[in-house]
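Numbering (our numbering), first residue to last: 59 to 271.
Where a beta carbon is used, it is the ideal one built from N, C-alpha and C, also for glycine.
Written below as structure tokens is the structure these notes are about.
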Amino acid sequence: MQSPIALQFGRAKLPVRLPPGPFDATKPSRTRMLRSFLDGLYRLAGYLAGVFLILIFLLMMGLSIGRQVNINIPAGDDLASWCMAAMAFLGLAHTFRSGEMIRVGLLIDRIRGRARRPFEIFSLLVGLGFVGFFAWHAVQLTYDSYRFNDMAQGVLAVPLWIPQLGYASGLVILFIAFVDEFVHVISGGDPRYEKPPATSAEEVVERAIQSGV
59 MQSPIALQFG RAKLPVRLPP GPFDATKPSR TRMLRSFLDG LYRLAGYLAG VFLILIFLLM
119 MGLSIGRQVN INIPAGDDLA SWCMAAMAFL GLAHTFRSGE MIRVGLLIDR IRGRARRPFE
179 IFSLLVGLGF VGFFAWHAVQ LTYDSYRFND MAQGVLAVPL WIPQLGYASG LVILFIAFVD
239 EFVHVISGGD PRYEKPPATS AEEVVERAIQ SGV
């Protein structure tokens, strides 16, 4: 945004226009826009996972109560299974970015300081390879189901690609999150997917309770 500077010469004011600086706070940079988009994507996937969790609860309650009053929900088991798969995979990216994903750090947790960064980068590369492999084949499987018009083999005959969208989308978003973190760490940033170590016994207990231990 150009900032006018008025130079006073007697009674005349001469406005001088300065070119916008590289750190103009009035215009959101592309990096900030991308950061906002990615954070919103992870958050949206987490909310969708929560919606599917609520649907699972409602389906299970409906199936349980329905047995007592002789009311059957057609394909209730299939619907619950599809919701469970969508919930699990759509929640992966948000769980990863929040530092809640289970991580075995027998080696890397013993390393401190700058020496740890190469190990973090290597771990992210390995994760990128695995997640990219699964995401690619999940998308390919979903596309093949759409292309060949595969139908679910159950009471409810729906195109199979519809329930497969949940886990394929979740893996793609998780892959994006891994790429995001890899670029961030290799650029010199601290890993955002890892919580700092607990500093007190109370914090250890609190984290254990939050994780469901």
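Out of 158, 176, 159, which has the shortest C-alpha to C-alpha gap to residue 166? Taking the first residue of the sequence shown as position 1, residue 166 is located at position 108. When each option's Cα is compared against that of residue 166, the closest is 176.
So, are the CB atoms of residue 251 and residue 239 less than 7 Å apart? The residue you call residue 251 lines up with position 193 of the sequence shown. The residue you call residue 239 lines up with position 181 of the sequence shown. Contact flag set, yes.
Residue 209 - DSSP class collapsed to helix/strand/coil: As a working note, residue 209 is residue 151 in the sequence shown. If DSSP states are grouped into helix, strand and coil, residue 209 belongs with the strands.
If we call anything under 7 Å between Cβ atoms a contact, is residue 124 one with residue 114? Taking the first residue of the sequence shown as position 1, residue 124 is located at position 66. Taking the first residue of the sequence shown as position 1, residue 114 is located at position 56. Their beta carbons are not under 7 Å apart, which means residue 124 does not touch residue 114 by this criterion.
Which partner residues does residue 217 have in the DSSP bridge list? Taking the first residue of the sequence shown as 1, we reach residue 217 at position 159. For residue 217, which the question treats as bridged, DSSP gives the partners 209.
Does the separation of the CB atoms of residue 98 and residue 148 fall below 7 Å? Along the sequence shown, read from residue 1 onward, the residue named residue 98 stands at position 40. Along the sequence shown, read from residue 1 onward, the residue named residue 148 stands at position 90. Cβ atoms of residue 98 and residue 148: not closer than 7 Å.
Neighbourhood of residue 203 by C-beta, 8 Å cutoff - its chain only, sequence neighbours within 5 removed: The residue given as residue 203 occupies position 145 in the sequence shown. The answer, listed in chain order, is 217, 218, 219, 222.
Same chain, Cβ closer than 7 Å to residue 241, five either side skipped, listed in chain order: Position 183 of the sequence shown holds residue 241. Here the set comprises nothing.
Could I get the ranges of all uninterrupted alpha helix (DSSP H) runs contained in the stretch 133 to 165, with 4 residues as the minimum, in chain order? 134 to 148, 150 to 155
Distance CB(residue 144)-CB(residue 110) smaller than 7 Å: Within the sequence shown, the letter at position 86 stands for residue 144. Within the sequence shown, the letter at position 52 stands for residue 110. Yes; because the gap between Cβ atoms is below 7 Å, this pair is in contact.
Pick out whichever of 253, 108, 233 has its Cα sitting closest to the Cα of residue 159. Stepping through the sequence shown from its first residue, residue 159 is reached at position 101. The shortest Cα separation from residue 159 among 253, 108, 233 belongs to 253.
Since residue 138 and residue 118 are thought to touch, with beta carbons under 8 Å apart, how far apart are those beta carbons, to the nearest angstrom? To locate residue 138, count along the sequence shown from 1; it is residue 80. To locate residue 118, count along the sequence shown from 1; it is residue 60. Confirmed, Cβ separation roughly 6 Å.
Limits of the unbroken alpha helix (DSSP H) element including residue 105: The sequence position of residue 105 within the sequence shown is 47, counting from 1. Element bounds for residue 105: 88 to 126.
Are the CB atoms of residue 169 and residue 244 within a distance shorter than 7 Å? To locate residue 244, count along the sequence shown from 1; it is residue 186. To locate residue 169, count along the sequence shown from 1; it is residue 111. For residue 244 and residue 169, no; Cβs fall outside 7 Å.
Could you check the C-alpha separation between residue 215 and residue 141 for me, to the nearest Å? The sequence position of residue 215 within the sequence shown is 157, counting from 1. The sequence position of residue 141 within the sequence shown is 83, counting from 1. Distance between the alpha carbons of residue 215 and residue 141 is about 16 Å.
What is the C-beta distance between residue 136 and residue 212, in whole angstroms, given that I count them as a contact (C-beta under 8 Å)? As a first step, residue 136 must be located in the sequence shown, where it is residue number 78. As a first step, residue 212 must be located in the sequence shown, where it is residue number 154. Right, the Cβ-Cβ distance comes to about 5 Å (below 8 Å), so this counts as a contact.
Please check the pair residue 236 and residue 182, which I expect to be a contact at CB under 8 Å, by giving their CB distance rounded to whole angstroms. Working through the sequence shown from its first residue, we reach residue 236 at position 178. Working through the sequence shown from its first residue, we reach residue 182 at position 124. About 6 Å separates the two Cβ atoms, so the contact holds.
How many Å lie between residue 195 and residue 104 at the Cα? Looking up residue 195 in the sequence shown gives position 137. Looking up residue 104 in the sequence shown gives position 46. In a straight line, the C-alpha of residue 195 is about 22 Å away from that of residue 104.
Distance CB(residue 197)-CB(residue 233) smaller than 7 Å: Along the sequence shown, read from residue 1 onward, the residue named residue 197 stands at position 139. Along the sequence shown, read from residue 1 onward, the residue named residue 233 stands at position 175. Their beta carbons are not under 7 Å apart, which means residue 197 does not touch residue 233 by this criterion.
Distance, Cα to Cα, residue 192 vs residue 206? Counted from its first residue, the sequence shown places residue 192 at position 134. Counted from its first residue, the sequence shown places residue 206 at position 148. Taking the straight line joining both Cα atoms gives about 21 Å.
Considering only the alpha carbon of each residue, which of 259, 231, 249 lies closest to residue 146? By 1-based counting over the sequence shown, the position of residue 146 is 88. Comparing Cα-Cα distances from residue 146 to each of 259, 231, 249, the minimum goes to 231.
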